[in-house]
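Input: a single structure, listed below in structure tokens.
Chains as they are written, first to last, in this note's numbering: chain Z, 1 to 512; chain L, 1 to 306.
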């Protein structure tokens, strides 16, 4: 065990791999070439159709011990991964690692196959029951949680060698060109899948909507696709929307949104060329609405909106408030509809979005970004992975990538959830280092990181409720009391990888 | 000083809901009215009293005016309400169904007894009576003068329309006479006039129209059922920039006048004297509450040093 710079105990190895303890957000340099894969030569000009999933698994030669991936652009509506693992099991293949771009609640269907030994590890973060059972020690299946940028990095450097990527292809031709824009399972941007298409050793496009050649516009090209498989259904795009798409009506949420808007306004970046990212959820949408009004009033022409894209962002683009949208995944069907018809609504790969190891990702160009938090500590470290029982319930998403990239990263959260204090002495798990977090906004006040002194002064000048983060913690503790720490056993069941590949924290099994 | 206490927004908070009570310190309204009356079901009257008392005891750094709406003095709960909450020192009592001055006088007597018992100065607890029946409207003039504890008269349109056996509309023509009567009574007695709630929390436009109307009539504040309504009401009550500029000129002029040894001065051909200074001071204090000016107006600025 070694201590990383945030005081977390990190093992020297995990699942046989040597680990690098986290030290800081910036200094770790890559010492790798881009990963290689065998160059293939396809001489026929006919169809790449192999049949169904089973045929595709046989055609790519999937074997025990290999790593597979899928993309999560259909989010909780994804059916492909569940169907795929059933077929893998039926073929008697075991010891498969999953390195998908994310795992959602719907994938709890995989649990019996983890118990059976079909799946023996996740090289990606997970949402929902799988993480909970692993945390409780009821499932033996190590998990490495990665951010969107971190996953792209790990595929590109070859740290995760993906043997076969099975990529849901909502609009696909028989020679393997596809996009996500159209068809019954349209999911919009294929930003995550782009990385797999370039770096997995074999690529299978899986479609429920085979169209005559050529499927244009080409999102992922025929030149990287080995086979095309057909299924009756990839999933249900209506379930892409995971959280609310309506602006919150909760007065506390609205107050948080109002303070967050004050922070954005005080940052000085709301002028021509402004760039912004926000997530889904009622508070984020309320902040976005405030930003929209600010931009309208100031007649501001922003540069770009970024991230998971919602209909709200689409409206801002169409209103002329932004020059472009950079879209790594569509968060609702209005975004899906927009990306298929508007060239200013630009699909971007997860690597271009957030990979720290390239010549500059889009997050680096962000002025202000709104992020969420499950817990925040007095050093501004944020946890979005584990909840109050200590269970791993959420994936990182782009959290630590955006925090590191944006000039002002703004974490919005209610100060109390249920009876839990959200700002506290210590977080259960560190997802995002405090050094990269600019401002914490709660309904009880705004805490500004010392590395943004000018913003702090401007907020005080505007009579925003600026408070020292420890004062904020004390006010919250006065209402909730100090929670008893969660008890963990020594066994490490998962890792939280920082975007550069160093280990920022570990997930331990909770005491029964 | 009481006449300058801003009461633009008075938010009702149900006394039986811990999650909402807990957020009282965070709301941006000028006052809250913690409700033990209509919002609390009969089966929860006891529990609500204890909860409200405990909350007020823990709410030490009060950042807004706290009123408690007790049950009507003609009910069996009212005395227990007072007994439970007064020791935790709210700022005052919102008295429902203040149909006559006698009802207010009775509460005044009870409050005096508690003040003696609690060792508070006589007059600590304020009263905001609700004028919410036909009888109440008729008696409003006398009710407004029934006690020195009164900070204002509050018009309750929902109960009023019920006693009138009519429906309340969004345009509110049916309330016009009653509102004027309450206004006259309050203004004649030198206290504030607070308007009724606007119950459709999703119709911000209609709330704005109604608030603009009641501001024009002379009301200085409005009760609310939801904190989301705060911004609209504050926005309506916010002074306009030209009003602020003029008020600053008035304060500057009167200051110069006093330096010259007089209480009256001409500003752009208009006489400036105490009533105009009082109005200017009210504008600037409201503007200060909105964060629109930095100046703090003292009594001395208004009336001059003795």
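We treat Cβ as the ideally placed atom computed from N, Cα and C, and that holds for glycine.
Predicted model only: the values in this text are computed from it and were never measured.
Contact set between residue i and chain L, taken where Cβ atoms lie within less than 8 Å
i	result
residue 252 of chain Z	23, 26
residue 479 of chain Z	22
Alpha-carbon to alpha-carbon, residue j and residue i
i	j	result
residue 241 of chain Z	residue 119 of chain Z	27 Å
residue 309 of chain L	residue 206 of chain L	Any question about residue 309 of chain L goes unanswered here, given that chain L covers just 1 to 306.
residue 276 of chain Z	residue 467 of chain Z	25 Å
residue 153 of chain L	residue 14 of chain L	21 Å
residue 218 of chain Z	residue 178 of chain Z	6 Å
residue 161 of chain Z	residue 481 of chain Z	47 Å
residue 104 of chain Z	residue 428 of chain Z	22 Å
residue 103 of chain L	residue 188 of chain L	20 Å
residue 82 of chain Z	residue 89 of chain Z	11 Å
residue 249 of chain Z	residue 286 of chain Z	9 Å
residue 45 of chain L	residue 79 of chain L	12 Å
residue 268 of chain L	residue 292 of chain L	24 Å
residue 231 of chain Z	residue 197 of chain L	58 Å
residue 425 of chain Z	residue 261 of chain Z	27 Å
residue 155 of chain Z	residue 329 of chain Z	18 Å
residue 470 of chain Z	residue 247 of chain L	41 Å
residue 256 of chain Z	residue 443 of chain Z	5 Å
residue 57 of chain Z	residue 84 of chain Z	9 Å
8 Å Cβ cutoff met for residue i and residue j
i	j	result
residue 265 of chain L	residue 272 of chain L	yes
residue 403 of chain Z	residue 437 of chain Z	yes
residue 155 of chain L	residue 194 of chain L	yes
residue 252 of chain Z	residue 23 of chain L	yes
residue 93 of chain L	residue 67 of chain L	yes
residue 228 of chain Z	residue 198 of chain Z	no
residue 59 of chain L	residue 25 of chain L	yes
residue 270 of chain Z	residue 441 of chain Z	no
residue 187 of chain Z	residue 74 of chain Z	yes
residue 121 of chain Z	residue 136 of chain Z	no
residue 53 of chain L	residue 84 of chain L	yes
residue 408 of chain Z	residue 396 of chain Z	no
residue 232 of chain L	residue 211 of chain L	yes
residue 130 of chain Z	residue 108 of chain Z	yes
residue 340 of chain Z	residue 181 of chain Z	yes
residue 56 of chain L	residue 224 of chain L	no
Neighbour list for residue i in chain Z, Cβ cutoff strictly below 7 Å
i	result
residue 227 of chain L	251
Cβ-based neighbour list, residue i, same chain, cut-off 7 Å, excluding 5 preceding and 5 following
i	result
residue 237 of chain L	8, 215, 286
residue 20 of chain L	13, 14
residue 174 of chain Z	47, 48, 49, 210, 213, 228
residue 338 of chain Z	314, 345
Cβ neighbours of residue i in the same chain (closer than 8 Å, five flanking residues each side left out)
i	result
residue 294 of chain L	288
residue 251 of chain L	277, 280, 281, 284, 295, 297, 301
residue 117 of chain Z	94, 95
residue 356 of chain Z	149, 150, 153, 401, 404, 499, 500
residue 290 of chain L	234, 238, 239
7 Å Cβ cut-off: residues of chain L touching residue i
i	result
residue 444 of chain Z	26
residue 255 of chain Z	26
Bridge partners - residue i, DSSP secondary structure assignment
i	result
residue 130 of chain L	L/154
residue 119 of chain Z	Z/96
residue 345 of chain Z	Z/325
residue 179 of chain Z	Z/171
Where residue i meets chain L, residues with beta-carbon distance less than 9 Å
i	result
residue 463 of chain Z	291
Same chain only: Cβ atoms within 6 Å of residue i, ignoring 5 sequence neighbours per side
i	result
residue 226 of chain Z	202, 203
residue 165 of chain Z	69, 196, 200, 203
residue 100 of chain L	139
residue 28 of chain L	230
residue 97 of chain L	72
residue 506 of chain Z	492, 495
residue 67 of chain Z	97, 99, 162, 163
residue 193 of chain Z	71, 167
residue 386 of chain Z	392, 428, 429
residue 236 of chain Z	77
C-beta neighbour in chain A for residue i, strict 8 Å
i	result
residue 486 of chain Z	Reference to chain A is not applicable here, since the protein chains of this structure are Z and L.
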